[in-house]
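The structure under discussion appears below in the form of structure tokens.
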Amino acid sequence: MKVLVVGSGGREHALCWAIQNSPLCDTLYCAPGNAGIADVAECVAIGAEDVDALVRFAQDNAIDFVVVGPEGPLVLGLVDKLTAIGIKAFGPSAAAAELEGSKGFMKDILAKYGVPTAAYGRFRDVEAAKDFVRKNGAPIVVKADGLAAGKGVTVARTEEEAFAAIDEALVEGRFGAAGAEVVVEEFLDGEEVSFFALCDGESALPLASAQDHKAVGDGDTGPNTGGMGAYSPAPALTPDLQERVMREIVEPTVKGMAAEGRPFKGVLFAGLMIGTDADGKPVPKTLEFNVRFGDPECQTLMMRLKSDALAALIAAADGQLKNIDLRWHDETALCVVMAAKGYPGDYVKNTEIKGFAAANAVEGVTVFHAGTKLSEGRVLSTGGRVLGVTAKAPTVAEAQKRAYQGVDALDWPDGFCRRDIGWRAVGR
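When we follow the UniProt record's numbering, the leftmost residue of the sequence shown carries the number 1, and every step to the right adds one.
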């Protein structure tokens, strides 16, 4: 098959790395790709959200299967346009991608189909939103409704912080159209985990669990980011809890979306909070849904997947997941994100990174590229989160050790990372 992967991040590098190992894949393209992806696929200079150009490329090059990485092109209807011309694609339609494209829509679906989540309200009116905050008190969470590049969520510790977040979205227009409506919801306490399931419109197949580290600094301090590291599996999500998540969260959502006339195909990424009930027993609730693989969780999942990744993605697109049985390595995979100094604020770009051969030579380590480009034979940084140094090992402590050996083998004075990725699991 000729396969096209859309995107340029660490998630897409991990997907390309897994797909190129499939006996089903003859030719692999990635648009636009990055310096690391260029090692495993032919990079094509088309932006991930240039939907019409991507469709033309797929048609002109007789692409058999398209794997859409980021949420942007999914919300813009890339899969719909490919399907309309007979090209098979992995990912939801624009109507189903609204699960991520609109937090208000997602919360309404959860409420309608009895999926456990935080109590909430949807608001376009500033005073109505602030009244909801006064009534419920702090801590409380304010979210821009639309896609705000991971910047639209405020966990407000005081009512004043919540009011400021509401003003920022609804009065100051900081998030543009994405912030024309806000969702204000109850604060959930507990341990956050990521859970992934492949969906084919009717049924769902669980993937492995993972845990992401959102805060920029060690000990979960500082502002939130798109993710500074992850590991899989997440010990907090026991096999019993996993079954419960499928039964109470994933399956009702898939059935509900089908009933709404928006069948969900692709990967459903549930951000979960594991809290406790009055008896101290764990209770999973849905924080959010994303309609694509997480980044950096995808790096750890692809590292652990034994089965043919491409065959599984095709089965999801074809409505044939019941014929797929996924196998996983028992080992832990752990990914440490290296970011450009200053991230998540203003950060430096176009700085040179060296030492890839030494880092990749560490046992069990693969360095996935997220924000890089090639320039005259040199690898330069282009983004905030730049590399995902990922290690697989028999234990989480060993995976952590190997990942940091990989980090230390790299030569990039303008980069930094957290030094405690996996601390919860190591502590357990």
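Every residue gets a Cβ at the ideal spot worked out from N, C-alpha and C, and that includes glycine.
Scanning its chain for C-beta atoms nearer than 6 Å, with the 5 sequence neighbours on each side dropped, one finds around Ala-14 the residues Cys-298, Gln-299, Met-302 and Phe-368, in chain order. Unbroken alpha helix (DSSP H) stretches of 4 residues or longer found wholly inside the segment 303-366: 309-318 and 356-360, given in chain order. Per the DSSP secondary-structure output, Pro-282 pairs in a beta bridge with Thr-276. Per the DSSP secondary-structure output, Ala-31 pairs in a beta bridge with Val-6. With a 10 Å radius around the Cβ and a threshold of 16 neighbouring Cβ atoms, Gln-211 comes out buried. Only residues of its own chain outside the window of five on either side were considered, and among them Leu-374 have a CB closer than 7 Å to the CB of Ala-38, listed in chain order.
Proximity to Ser-8 across Leu-24, Val-40, Asn-21 and Cys-25 peaks at Val-40, based on C-alpha coordinates. Here the alpha carbon of Ala-177 sits roughly 28 Å from the alpha carbon of Ala-84. Within the same chain, and ignoring the five residues on either side of Asn-350 in sequence, the residues whose Cβ sits closer than 6 Å to its Cβ are Leu-380. Around the Cβ of Thr-276, a 10 Å sphere holds fewer than 16 other Cβ atoms; the residue is exposed. Taking C-beta separations shorter than 6 Å and ignoring five residues to either side along the sequence, the partners of Gly-77 in its chain run Ala-94, following chain order.
Cβ-Cβ distances below 7 Å link Gly-114 to Pro-252 in the same chain, with the five nearest sequence neighbours on each side left out; the list follows chain order.
Restricting attention to Arg-418, Gly-179 and Gly-422, the CA atom closest to the CA of Asp-218 is found in Arg-418. Under the rule that a run must span 4 or more residues, the alpha helix (DSSP H) segments found entirely inside the segment 59-107 read 71-75, 78-84 and 98-101. Exclusion of the five residues before and after Glu-42 leaves Tyr-29 as the residues of its chain whose Cβ lies within less than 6 Å of its Cβ. With contacts defined as CB atoms closer than 7 Å, Gly-355 and Ala-403 fail to qualify as a contacting pair.
In summary, Pro-413 is exposed, with fewer than 16 beta-carbon neighbours lying within 10 Å of its beta-carbon over all protein chains present. Counting along the chain, no beta strand (DSSP E) covers Gly-371, and no H or E run does either.
One alpha carbon belongs to Asp-330, the other to Arg-304, and they sit about 8 Å apart. Per DSSP, the unbroken alpha helix (DSSP H) holding Phe-163 starts and ends at 159-170. Separation of Gly-137 and Ala-35 (C-alpha to C-alpha, rounded to the nearest whole angstrom) is 48 Å.
Between the segment 256-267 and the segment 322-339, the count of C-beta pairs closer than 8 Å stays below three; the two stretches do not touch. Around the beta carbon of Asp-200, a 10 Å sphere encloses 16 or more other beta carbons of the protein chains shown; the residue is thus reported as buried.
Non-local beta-carbon contacts of Glu-161 in its own chain, meaning distances under 8 Å to residues more than five positions away in sequence, involve Ala-138 and Thr-154 in chain order. Taking the Cα positions, Ala-197 is about 11 Å away from Gln-242. Here Lys-265 carries a strand assignment [DSSP, helix/strand/coil].
Comparing alpha-carbon positions, the option among Thr-27, Gly-10 and Glu-181 lying closest to Lys-103 turns out to be Glu-181. Straight across, the Cα-Cα distance linking Met-1 with Ala-164 is about 52 Å. Within a 10 Å sphere around the beta-carbon of Pro-70 sit 16 or more other beta-carbons, which makes this residue buried.
Residue state for Leu-237 is assigned as coil, using DSSP reduced to three classes.
Around the C-beta of Ala-149, fewer than 16 other C-beta atoms lie within 10 Å, and the residue is accordingly described as exposed. Assigned with DSSP and collapsed to three states, Asp-189 falls in coil, not helix or strand.
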